[in-house]
Amino acid sequence: MKEQPDMSVSRARFLLFRNGSIGNTLVAVPAIRAIRQTFPEAHLSLILDSTGAALLKNCPLIDEIIVYDKRGEHRGLLPTLSFVSQLRKRHPTHAVLFKRFFRNGLLAFLSGAKERIGFETNGSAPFLNRTVPYQDNQDIVELNLQLAFMLGADGSASRELGLWFEEETEAAAQEYRDRNNLRDRNYAAIGLSGVTSSPDYLAVQQWQEIITRLGNFTDRLVFLGAGNEKHLADNIASSLSGDPLLAFDLPVLVVADLIRHARLFAGTDSGPAHIAHAVQTPGVVFFRPADDVALQIEKWCPKGARYRPLLPPTNPNEMPPFLHQLERACEEILR
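Under this note's numbering, the sequence shown has 296 at position 301, and the numbering climbs by one with no breaks.
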């Protein structure tokens, strides 16, 4: 039975910990939305890394963003204690942890929040006093929502992700598209990211065959990513016709806006795939072949009729039938 919200804490002060990768940040949005809807008068502080802060800086669901830089500004004992002091000054009543970082649990405990809610792994959840089991075989959006349901959120809460843009970002993205002759819905956004899902399980030639086939569905191919991923895109693009564009090292919301205006997204199971889901651009998502790939797909692949998980073959001889599968998937999501 759904736990009823304690309306005596309707003016509660929440610390929501979601410092981590782009994808992990976005898949927490439905749970954050559900908490906001359950406690409309509460104060929600969202703890993010710098990339997550740039990604959600326009989010209307939260009252403030707190940047936690554990590898930079807040690295070491004294900076950590200073950060804890910042948290304590907010007098939090609740801390909700969407990521199972030991350090986040410690920060939540030291913040003074009496209610510390998060996941337990194998029955263990240091520093937390309200937990739900972490299930590796469960869709990550549903898993995050379990924490909101524990607070009394309605089970019918929206599963939609979300991204919010300001005029300055939209203007910068429009200027970039104009300067590079990109027309709305006439290009495919390609994200072969290596942050959480490296594309190194395929040879460059195999990626070239895959990306070439995607060219049948759009007028242009646009590669997106960070500088350390550019080498692969360079090698793939060198064999392609149609003037492919390498759009690297752009602000994260400009990248998101480029994906938003694309006809199609194609990329690895990483941050850009979740951006595509958040901005409702149809996409094919490539997963690394592995023994647990079915669990990875269930957990991480965007859900809905406009998204398809695909497993590229590591054996080059199996590429022709896969390319046919790729074409069929693109036809289905673009209907």
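All C-beta atoms, glycine included, are put in the ideal place defined by N, C-alpha and C. Every value quoted in this text rests on a predicted model; they were computed, and no experiment measured them.
Per DSSP, residue 47 is not a residue of any beta strand (DSSP E); the alpha helix (DSSP H) it occupies stretches across 45 to 50. DSSP links residue 302 through a beta bridge to 278. The beta carbon of residue 208 is closer than 8 angstroms to those of 318, 321 and 322 in its chain, skipping five residues each way along the sequence. Runs of the alpha helix (DSSP H) lying entirely within the stretch 68 to 144 and spanning at least 4 residues, in chain order: 72 to 84 and 97 to 106. Contact between residue 205 and residue 311 is ruled out by a C-beta separation of about 12 angstroms, above the 8 angstroms threshold. Here the alpha carbons of residue 7 and residue 135 stand approximately 26 angstroms from one another.
Contact between residue 79 and residue 105 is confirmed by a C-beta separation of about 5 angstroms, below the 8 angstroms threshold. Fewer than three Cβ pairs drawn from the stretch 19 to 28 and the stretch 58 to 66 lie within less than 8 angstroms of each other, which leaves the two stretches out of contact.
Contact annotation: the stretch 108 to 120 does not touch the stretch 39 to 52, with fewer than three C-beta pairs closer than 8 angstroms. DSSP, reduced to helix, strand and coil, places residue 263 within a strand of the structure shown.
Straight-line spacing of the CA atoms in residue 71 and residue 82 works out to 17 angstroms. Straight across, the Cα-Cα distance linking residue 301 with residue 289 is about 19 angstroms.
DSSP, read as helix, strand or coil, puts residue 168 in helix. Spatial neighbours of residue 154 in its own chain (CB-CB distance under 6 angstroms, excluding positions within 5 residues in sequence) are listed in chain order as 25 and 136. In this structure, 33 is the residue among 33, 175 and 77 with its C-alpha nearest to the C-alpha of residue 140. For residue 59, the enclosing beta strand (DSSP E) covers residues 59 to 62. For residue 184, the enclosing beta strand (DSSP E) has its first and last residue at 182 to 186. Along the length of the stretch 178 to 247, whole alpha helix (DSSP H) runs at least 4 residues long occupy 199 to 209 and 225 to 232, reported in chain order. Within the same chain, and ignoring the five residues on either side of residue 216 in sequence, the residues whose Cβ sits closer than 8 angstroms to its Cβ are 182, 183, 185, 206, 209, 210, 232, 235, 237, 239 and 240. At a Cβ-Cβ threshold of 8 angstroms, residue 21 and residue 242 do not count as neighbours. Nearest in C-alpha terms to residue 220, of all of 197, 11, 192 and 74, is 192. Excluding residues up to 5 positions away in sequence, 11, 57 and 60 lie with their Cβ nearer than 6 angstroms to the Cβ of residue 41 in the same chain.
A residue is called buried once 16 or more other Cβ atoms fall within 10 Å of its Cβ, and residue 188 is buried on that count.
In the pairwise beta carbon analysis, the stretch 265 to 282 is classified as not touching the stretch 116 to 130: fewer than three pairs are separated by under 8 angstroms.
Under the three-state reduction of DSSP, residue 56 is assigned to coil, being neither helix nor strand.
Comparing alpha-carbon positions, the option among 17, 158 and 13 lying closest to residue 54 turns out to be 158. Close CB contacts of residue 133 within its chain, under the 8 angstroms cut and outside five residues either way in sequence, are with 293 and 294 (chain order). The criterion of a C-beta distance shorter than 8 angstroms is satisfied by residue 145 and residue 125.
Beta-bridge annotation (DSSP): residue 12 is paired with 42 and 92. When 303, 222, 15 and 230 are compared, the shortest CA-CA separation from residue 49 is found for 15.
Across the set 94, 245, 85 and 270, the C-alpha of 245 shows the shortest separation from the C-alpha of residue 164. Bounds of the alpha helix (DSSP H) holding residue 25 are 24 to 33.
Rounded to the nearest whole angstrom, the CA to CA distance from residue 325 to residue 257 is 14 angstroms. DSSP, reduced to helix, strand and coil, places residue 294 within a helical segment of the structure shown.
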